[in-house]
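Shown next, in structure tokens, is the structure this report addresses.
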Ligand code: DP6
């Protein structure tokens, strides 16, 4: 089954109680153990599992309604031009959700992430869109089905359906029905993340292309599945026993290994800027001086610092530009 057929299958014979319009919020998420590489690009089935932390009240709020004619998509109040690749990706994603083949949607998404923080907002956006579509059509889908649907918009979106720590199961099935995310039961209110913005420029190579290139050309990628298995285990233990140093070490080592696989790709993928490397050295120097401070990085130049609440004043003193997030603060 292709993506269209898989989504139609999941929505097949759902009873409907349609409303005029519906709204939903989904948090952004940052992976502590990264998703990088697909075993099936059509259904966004991952080559490994991954584990993230959601960013509390920071994320996307999406309102959807049905309309006659073509889809209308707004991002932060601005219409998204039809010709952009993201518009086309959204229209294609929406196709299997249409109650009639010629029905259009109006989609209005607002992100409340720190504007300059260089976050990937598509994960929160696709998760909020799927939740809003479920409310609009009154399908009453369960969390697992919603996660599978969001995954087909963007892989990491399947984790944005939940708060706190979230694990995305790799799954084995060809149809992807066992590849979905689930929240872990543990919370960690003292955990803090701070974004360190090095550059806001759009990244030259997006995640989808970057992971495909790495998987196809980097010999270092062969070591990645074993690295992920070890880091996932360490993170689960760290979260369960609230061992911050273990969590920080596993997350930072996972991010560094991820970037090593990218450096080995051809053409090479280096998302770092000189300022990224300077910030890493600053973290390492502080750690050598006894400060429990770690970082993670996605496919971009910005660092996300990891530390505990008791270190917040000190971290902000050393990194005045850092934007602090309390991931469990979403009541
Ligand atoms: C480095 O989920 O954006 O942030 O499935 O192709 O849409 P697609 O990719 P995407 O990739 C995220 C990559 C990452 C790691 C992570 O979030 O796990």
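In the numbering used here, the protein residues as written are 15 to 345. Glycine included, every Cβ here is placed at the ideal spot set by N, Cα and C.
Q: Could you tell me which residues DSSP pairs with residue 126 in its beta bridges?
A: Beta-bridge pairing links residue 126 to no other residue.
**Q.** Option in 171, 291, 162 and 208 with minimal Cα separation from residue 48
**A.** 171
Q: Answer yes or no: the CB of residue 48 versus the heavy atoms of the ligand DP6, is any distance below 6 Å?
A: yes
(Q) Rounded to whole angstroms, what is the Cα-Cα separation between residue 122 and residue 38? (A) 11 Å
Q.
Just list the residues that DSSP pairs residue 52 with in beta bridges.
A. 60
Q: Only counting runs of 3 or more residues, tell me where the beta strand (DSSP E) segments fall wholly within the region 154–241, in order along the chain.
A: 179–182, 195–197 and 205–210
Q) Residues in its own chain within less than 6 Å of residue 50 by CB, not counting five upstream and five downstream? A) 225 and 272
Q. Around the Cβ of residue 266, are there at least 16 other Cβ atoms within 10 angstroms (buried) or fewer (exposed)?
A. buried
Q | Rounded separation between residue 243 and residue 82 - CA only | A | 48 Å
Q) For the 8 Å Cβ check, are there 3 or more pairs between the region 109–118 and the region 55–62? A) no
Q.
What does the alpha-carbon distance come out to for the pair residue 211 and residue 290?
A. 9 Å
Q.
Measuring only from the beta carbon, is residue 222 closer than 6 Å to any heavy atom that is part of the ligand DP6?
A. yes
Q. Can you tell me where the alpha helix (DSSP H) with residue 275 in it begins and where it stops?
A. 258–277
Q. Residue 209 and residue 276: beta carbons closer than 7 Å?
A. no
Q: Please specify which runs of the alpha helix (DSSP H), each continuous and at least 4 residues long, are wholly inside the region 76–114, giving them in chain order.
A: 99–108
Q. Any heavy atom of the ligand ATP within a distance shorter than 6 Å of the CB on residue 267?
A. Ligands in the displayed structure: the ligand DP6; the ligand ATP is not one of them.
Q) Can you tell me where the beta strand (DSSP E) with residue 308 in it begins and where it stops? A) 308–310
Q) So, are the CB atoms of residue 141 and residue 174 less than 7 Å apart? A) yes
**Q.** Touch test, the region 280–294 against the region 308–315, Cβ-Cβ under 8 Å, three pairs minimum
**A.** yes
Q. Which residue from 220, 137 and 310 puts its Cα closest to that of residue 169?
A. 137
Q. By Cβ distance below 6 Å, which residues in the same chain neighbour residue 269 in space, the five residues on each side in sequence not counted?
A. 310 and 311
Q.
Between 206, 214 and 274, which has its C-alpha nearest residue 236's C-alpha?
A. 274
Q) Nearest to residue 234 by CA position, among 18, 279, 247 and 214, is which residue? A) 279
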